[in-house]
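For the protein sequence lines, the chains are A and B, in the order given.
Basically our numbering = 1-based index in the first sequence + 164.
Basically our numbering = 1-based index in the second sequence + 2.
Each remark here refers to the structure printed beneath this line.
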Amino acid sequence: MLGPLDYFLWITSFLLEAWVVFQVISSRSFARYYPVALYMFSAAFVECVHYVCITRFGVSSPQYHFVYFYTGTLLTILLFWVIIQFYQQAFSGMNVRRYIRGGAAILLLATALFSCVAVRARSDHLTNQFVVEFGQDLYFVGVVLTYLLWAVILYFRETRARLVHLVLALGVYFSGTAASYALRNLFPCLHVSFFQWALPVLGTLLPLAWACTFWKVPEDSRILAYQLAGRTP
Amino acid sequence: MIAALICVFSLVAFLQFFVSYCHAALASTRHAELSDRVREIAGIAGKTVAPQDFLRLLQFLWLCPGEDVHVWQVRAVALYYHVLGVINRLCRMLFPSAAEWANQSRQDCSQFAAIVLDRRIARMQDLVARQARNPV
Chain A
165 MLGPLDYFLW ITSFLLEAWV VFQVISSRSF ARYYPVALYM FSAAFVECVH
215 YVCITRFGVS SPQYHFVYFY TGTLLTILLF WVIIQFYQQA FSGMNVRRYI
265 RGGAAILLLA TALFSCVAVR ARSDHLTNQF VVEFGQDLYF VGVVLTYLLW
315 AVILYFRETR ARLVHLVLAL GVYFSGTAAS YALRNLFPCL HVSFFQWALP
365 VLGTLLPLAW ACTFWKVPED SRILAYQLAG RTP
Chain B
3 MIAALICVFS LVAFLQFFVS YCHAALASTR HAELSDRVRE IAGIAGKTVA
53 PQDFLRLLQF LWLCPGEDVH VWQVRAVALY YHVLGVINRL CRMLFPSAAE
103 WANQSRQDCS QFAAIVLDRR IARMQDLVAR QARNPV
C-alpha cells in the first residue's frame with residue numbers, strides 16, 4: 165500500500181521530469197541536450213506506466229514488480245547514453261568523436277544485452293536478492309563512467325557551468341543509488357526503515373537538480389577549476 | 003565482499019560529487035557584492051560575511067517569504083555547511099590547512115545564504131511596491 169509520501173514523491177518526480185523536457189526545449193538547447201530531454205520524457209512516461217500497473221495489478225503484484233525492474237533497467241541504460249553525450253561535449257574540441265561513438269555503441273549494446281538476458285532468464289522468479297545485486301552492478305557501472313567523465317572535465321579544465329552542474333548531479337544520483345543498493349545488499353534487514361525512501365528521494369533529486377540547472381544556469385556561463393575546488397584564485 | 007567494495011567506492015564518490023556540486027552552486031555567489039540593505043538586516047559589520055553568520059542568515063531566509071528554486075540549493079548548502087563544521091573541528095589540531103579550507107568553504111556558504119536573502123528581500127520589496135502602485 166502506498167502512503168502520501170510515496171504519492172508526493174511520485175507526482176513531484178513526474179512534474180520535474182516534464183519540467184526538464186520543457187526547459188530543454190524552451191531554452192533552445194534541444195540540439196545539444198536531446199538525450200537529456202529524451203531520458204526525462206521516457207522517465208515521465210514510465211511513471212505513467214507504473215501508475216497504470218499499480219491501479220490494474222496492485223503494488224505487490226509480480227506484474228508491477230517485473231515492469232518496475234524492467235523499465236528501471238532500460239532507463240538506466242538510457243542514462244548511459246546521456247553520459248556518452250556528455251563525453252562528446254567534454255571532448256568536443258578534439259577529433260575523437262568517432263572513437264567515443266564506437267566505444268559507446270559497444271558499451272550500450274553489451275549492457276543492454278546483459279540486462280535483457282539477465283532479466284529474461286529470471287523473469288519468472290525475480291528474487292529480491294537478484295534485483296538488488298543487479299541494480300547495484302548496473303548503477304556502479306554508471307558511477308565509474310561518471311567518475312571518469314568528471315576526471316576528464318577536471319583534466320581539460322572544462323569551464324561550461326551547465327555541463328559541470330549536469331555531470332555533478334548525475335554523479336550524485338548514480339553514486340547515491342549504487343551506495344543504497346550496495347547497503348541494501350549488505351544489510352537486508354534495513355530495507356523497510358531506510359532504503360524504502362532512499363531510492364525514490366534520489367530519483368526525485370536528479371530531475372530537480374537538472375531542472376534547476378536548465379532554469380538558472382545559462383548556456384554561456386562559465387565556472388573555473390579553482391572555484392570547483394573551493395579555493396580562492 | 004564485492005558489495006562492500008562497491009559500497010565504499012560509491013560513498014566516497016557520492017561525497018566527492020556532493021562537495022563539488024556545492025562548490026559549483028556556491029561559485030556563482032562567491033564574488034557577488036552584498037547590498038547595504040542585507041548588511042543592515044542581518045547585522046553584518048565587516049566587508050565579508052563570517053562563517054558563523056550562516057545559521058543566522060538561514061533563519062532570516064526561512065522568515066522571508068517566497069518559494070523559489072534556491073530552496074533546495076540552500077538545503078544542500080546547509081547540509082554541506084554542517085559537514086564542513088565537523089571537518090573543521092576534527093582537523094583543527096592535526097591538519098590546520100584542511101581546517102582552514104573548511105572554514106573558507108563555510109564562509110562561502112554564508113556568502114551564498116546572504117546573496118539568496120538579498121535577492122528574496124529585493125523581490126519582496128518589488129512586489130510590495132507593485133502592489134502599492136496597483137491596489138486591487
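Every residue gets a Cβ at the ideal spot worked out from N, C-alpha and C, and that includes glycine.
Sub-8 angstroms separation of residue i and residue j beta-carbons
i      : j      : result
B/L63  : B/V14  : no
B/C66  : B/I123 : yes
B/A26  : A/V328 : yes
A/V184 : A/A375 : yes
A/V336 : B/Y83  : no
A/V331 : A/L313 : yes
A/S206 : A/L180 : no
A/Y228 : A/I218 : yes
Nearest to residue i (by Cα), restricted to the options the options
i      : options                           : result
B/S112 : B/R41, B/L57, B/I4 and B/Q18      : B/L57
B/A80  : B/Q54, B/A44, B/E35 and B/F97     : B/Q54
A/V316 : A/Y251, A/F221, A/L243 and A/L202 : A/Y251
A/L243 : A/D384, A/F338 and A/I270         : A/F338
B/S37  : B/S12, B/D120 and B/I4            : B/D120
B/R77  : B/P98, B/L28, B/F97 and B/E42     : B/L28
8 angstroms Cβ cutoff, residue i in contact with chain B
i      : result
A/G335 : yes
A/Y251 : no
A/N259 : no
A/A182 : no
A/F230 : no
A/L173 : no
A/Q227 : no
A/I247 : no
A/F304 : yes
A/L327 : no
A/L332 : yes
A/I270 : no
Cross-chain neighbours of residue i in chain B, by beta carbon under 8 angstroms
i      : result
A/Y311 : A15
A/V307 : F11, S12 and A15
Within chain B, the residues that residue i reaches when beta carbons sit closer than 7 angstroms
i      : result
A/A343 : C9, S12, L13 and F16
A/G340 : F16
Within chain A, partners of residue i - CB distance below 7 angstroms
i     : result
B/W64 : Neighbours of B/W64 on chain A: none; closest Cβ ~19 angstroms, over 7 angstroms.
B/A5  : Q300, A346, N349 and L350
Chain A residues whose Cβ lies nearer than 8 angstroms to that of residue i
i     : result
B/Q75 : C376
Q) Mind listing which residues of the stretch 346–377 of chain A have their C-beta closer than 7 angstroms to chain B's C-betas, in chain order? A) A346, L347, N349, L350, L372 and C376
Q. Can you list, in chain order, the residues of the stretch 16–31 of chain B whose Cβ is nearer than 7 angstroms to any Cβ on chain A?
A. F16, F19, F20, S22, Y23, H25, A26 and A29
Q) Got a sec: which bits of the stretch 203–225 of chain A sit with their beta carbon under 8 angstroms from any beta carbon on chain B, in order along the chain? A) none
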